[in-house]
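Participant: Protein chains in written order, with this note's numbering: chain R, 1092 to 1358; chain S, 4 to 145. Would you mind keeping the following structure in view while I ask a few things?
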């Protein structure tokens, strides 16, 4: 082995160590100071945690690669790529996923990150919206969300969001469906206990979009919420319903300060 | 005879399940069907993750179902702790005893919100299924 190769290997090791320190410390910061909130990550077994932590094992990273290609590919009548306006994602998109949902300029209702991407599609690229849960939309969302990995969740201080967030809180506490359950009954009152052998998480949106083993696919928070609604035998809200964004606003406020770990892996 | 049968069928459609039971204290003493339930069928309902759903929240002495819940009391010994009438009311509509209960109302179709279309107007279990579950739980004497 040449000295040069040894040096290169050591450098890789040192970069890896530095990254581990950076991400390790943000996680400690977010969870420290008497903060008892738990990300779903902490309720998973060590094998799944390892899968999420290792970018070469995390299946969501394959979608991130697709998203990176989508970021650079010109699209729509304007023939513009995301990168043409936003430049290098690592700089321009850092912290963005930690802030959404937000109210776009000139609008009066909040949109989530997927909604923001689709606004860029229709307004700036003059392209068709990407369908909800489509591979392309999830991939772009995952790529954008990755740029906020380790960042604390930081909803914007926009007073107009309050009324939407309160509606989200009301939905969270609404008993609904044939089983007459609210989100809060499980995720506040019984978090940490076992539902059919599986630990009930506190429902913090720290890792979306997630690669969920049960889906064998990447999916959005909306898809996860639909799963719960179907589970309690309630009528799911329509795919583009404002209720999902309201719930997400409430969740992000509830998880304020927790570290974003997207794209996550979940059972 | 035929018109009496028709009348009974119409009555069953019109009268919501919850109105048909007589609550005495913290119990519904009488069988919802007028017949005793079948404990063997009741066990199958309790064990089923898509019919009874019981083991999602409760644990119980059903060894072949490995994934059980722990956010509600164990079903083991339920037949020692409660009479059949008490079990019946707790299954039919536990909110009659505790408005904040997480226990779903298994035989109530009113006062529910945003029920999925395929379940709307239907109770979680039929009257006969409730009786089967009551019969099974009554056998769980620890």
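We put the CB at the ideal spot given by N, CA and C, even for glycine.
For the region 1187-1200 of chain R against the region 1235-1247 of chain R, do three or more pairs of beta-carbon atoms, one drawn from each stretch, fall closer than 8 angstroms, so that the two count as touching?
Facilitator: Verdict: yes, contact present.
Participant: Can you name, in chain order, every residue of its own chain whose Cβ lies under 6 angstroms from the Cβ of residue 1304(R), other than the five neighbours on each side?
Facilitator: Same-chain partners within the cutoff: 1358.
Participant: With distances taken between CB atoms, is the gap from residue 88(S) to residue 1287(R) smaller than 7 angstroms?
Facilitator: No. Outside cutoff.
Participant: Taking only three categories from DSSP, how would you classify residue 1243(R)?
Facilitator: Reduced to three states, the DSSP call for residue 1243(R) is strand.
Participant: Short of 7 angstroms Cβ to Cβ, which residues in the region 113-139 of chain S face chain R?
Facilitator: Under the 7 angstroms Cβ criterion, the region 113-139 of chain S contributes 115, 116, 117, 118, 119, 120, 122 and 127.
Participant: Within its chain, find whatever has a CB closer than 7 angstroms to the CB of residue 29(S); leave out the 5 residues flanking it on each side and keep chain order.
Facilitator: Taken in chain order, the residues that qualify are 89, 92 and 100.
Participant: Do residue 1355(R) and residue 1143(R) have their C-beta atoms closer together than 7 angstroms?
Facilitator: Their beta carbons are under 7 angstroms apart, which means residue 1355(R) touches residue 1143(R) by this criterion.
Participant: Below 8 angstroms CB to CB, which residues in the same chain sit around residue 1344(R) once its five sequence neighbours on both sides are set aside?
Facilitator: Closer than 8 angstroms at Cβ, skipping near neighbours: 1246 and 1256.
Participant: In whole angstroms, what is the alpha-carbon distance linking residue 1137(R) and residue 84(S)?
Facilitator: If you take the alpha carbons of residue 1137(R) and residue 84(S), they lie about 40 angstroms apart.
Participant: Any beta carbon from chain R within less than 7 angstroms of residue 64(S)'s own beta carbon?
Facilitator: Taking Cβ atoms only, chain R never reaches closer than 7 angstroms to residue 64(S), which makes this a no.
Participant: In chain order, what residues of the same chain have a beta carbon less than 8 angstroms from the beta carbon of residue 1297(R), not counting five sequence neighbours either side?
Facilitator: So the qualifying residues of the chain are 1130, 1131, 1132, 1244, 1346, 1349, 1350, 1351, 1352, 1353 and 1355.
Participant: Please look up how many angstroms separate the CB atoms of residue 136(S) and residue 49(S), rounded, as I've assumed it's under 8 angstroms.
Facilitator: Yes, residue 136(S) and residue 49(S) are in contact; Cβ-Cβ is about 6 angstroms, under 8 angstroms.
Participant: For the beta strand (DSSP E) that contains residue 1229(R), what are its first and last residues?
Facilitator: It is not in any beta strand (DSSP E) - residue 1229(R) instead sits in the alpha helix (DSSP H) that spans 1226-1237.
Participant: What are the start and end residues of the beta strand (DSSP E) that includes residue 1301(R)?
Facilitator: Segment 1301-1303, the beta strand (DSSP E) holding residue 1301(R).
Participant: In angstroms with no decimal places, state the Cα-to-Cα distance between residue 94(S) and residue 1267(R).
Facilitator: So the alpha carbons of these two residues sit roughly 18 angstroms apart.
Participant: Where does residue 45(S) fall in DSSP's three states?
Facilitator: Helix, per DSSP.
Participant: Helix, strand or coil: how does DSSP classify residue 1267(R) here?
Facilitator: Note: residue 1267(R) maps to strand in three-state DSSP.
Participant: Please list the partners that residue 29(S) has in chain R, where partner means a Cβ-to-Cβ separation under 7 angstroms.
Facilitator: Those within 7 angstroms of residue 29(S) in chain R number zero; the least Cβ separation is about 20 angstroms.
Participant: What residues from the region 56-88 of chain S come within 8 angstroms of chain R, judged by C-beta to C-beta, listed N to C?
Facilitator: Residues passing the 8 angstroms Cβ filter: 56, 58, 59, 60, 69, 70, 71, 72, 73 and 74.
Participant: Going by DSSP, which residues form a beta bridge with residue 1355(R)?
Facilitator: In the DSSP output, where bridge partners are listed per residue, residue 1355(R) has 1301(R).
Participant: Report yes or no: do three or more beta-carbon pairs, one from the region 1206-1220 of chain R and one from the region 1162-1173 of chain R, lie closer than 8 angstroms?
Facilitator: Segments in contact, yes.
Participant: From residue 1151(R) to residue 34(S), what does the alpha carbon distance come to, in whole angstroms?
Facilitator: Each residue's alpha carbon lies about 53 angstroms from the other.
Participant: Taking 6 angstroms as the cut-off, is the CB of residue 139(S) close to at least one heavy atom of the ligand NAD?
Facilitator: Among the components of this structure there are no ligands whatsoever, and the ligand NAD is therefore not found.
Participant: Between residue 47(S) and residue 143(S), how many whole angstroms is the CB-CB distance? I'm expecting something under 8 angstroms.
Facilitator: Wrong, their Cβ atoms sit about 15 angstroms apart, outside the cutoff.
Participant: Can you list, in chain order, the residues of its chain whose CB lies under 7 angstroms from that of residue 124(S), leaving out five sequence neighbours each side?
Facilitator: Only 112 meet the Cβ criterion.
Participant: Using a cut-off of 8 angstroms between C-beta atoms, extract the partners of residue 1288(R) located in chain S.
Facilitator: Residues of chain S passing the Cβ test: 69, 70, 71 and 72.
Participant: Please go through the same chain and pick out, in chain order, the residues whose beta-carbon is closer than 6 angstroms to the beta-carbon of residue 60(S), but skip the five residues on each side of it.
Facilitator: Here the set comprises 72, 74 and 75.
Participant: Go through its chain and collect everything with a Cβ distance to residue 1330(R)'s Cβ below 6 angstroms, but skip five positions before and after it.
Facilitator: Same-chain partners within the cutoff: 1223.
Participant: With H, G and I counted as helix, E and B as strand and the rest as coil, what does DSSP make of residue 1309(R)?
Facilitator: Strand, per DSSP.
Participant: Can you pull the chain R neighbours of residue 108(S), defined as C-beta to C-beta under 7 angstroms?
Facilitator: By Cβ distance, chain R contributes 1271.
Participant: In terms of residues, what are the limits of the alpha helix (DSSP H) holding residue 35(S)?
Facilitator: Taken as a continuous stretch (DSSP letters only), residue 35(S) belongs to no alpha helix (DSSP H), as it is neither H nor E.
Participant: Indicate the three-state DSSP secondary structure (helix, strand or coil) for residue 1325(R) in the structure shown.
Facilitator: Strand.
Participant: For residue 51(S), count the other beta carbons within 10 Å of its own beta carbon; 16 or more makes it buried, fewer makes it exposed. Which is it?
Facilitator: So residue 51(S) counts as exposed.
Participant: I believe residue 1258(R) touches residue 1184(R) by the beta-carbon criterion, under 8 angstroms. Please report the beta-carbon distance rounded to the nearest angstrom.
Facilitator: Not really, about 28 angstroms apart at Cβ, beyond 8 angstroms.
Participant: Would you say residue 1112(R) reaches chain S, if we count a Cβ-Cβ gap shorter than 7 angstroms as a contact?
Facilitator: Residue confidence is low: residue 1112(R) scores 46 on pLDDT, short of 50, so the model does not pin down where it sits. No coordinate-derived value is stated.
Participant: Can you pull the chain R neighbours of residue 3(S), defined as C-beta to C-beta under 9 angstroms?
Facilitator: Only positions 4 to 145 of chain S appear in this structure, which leaves residue 3(S) out of reach.
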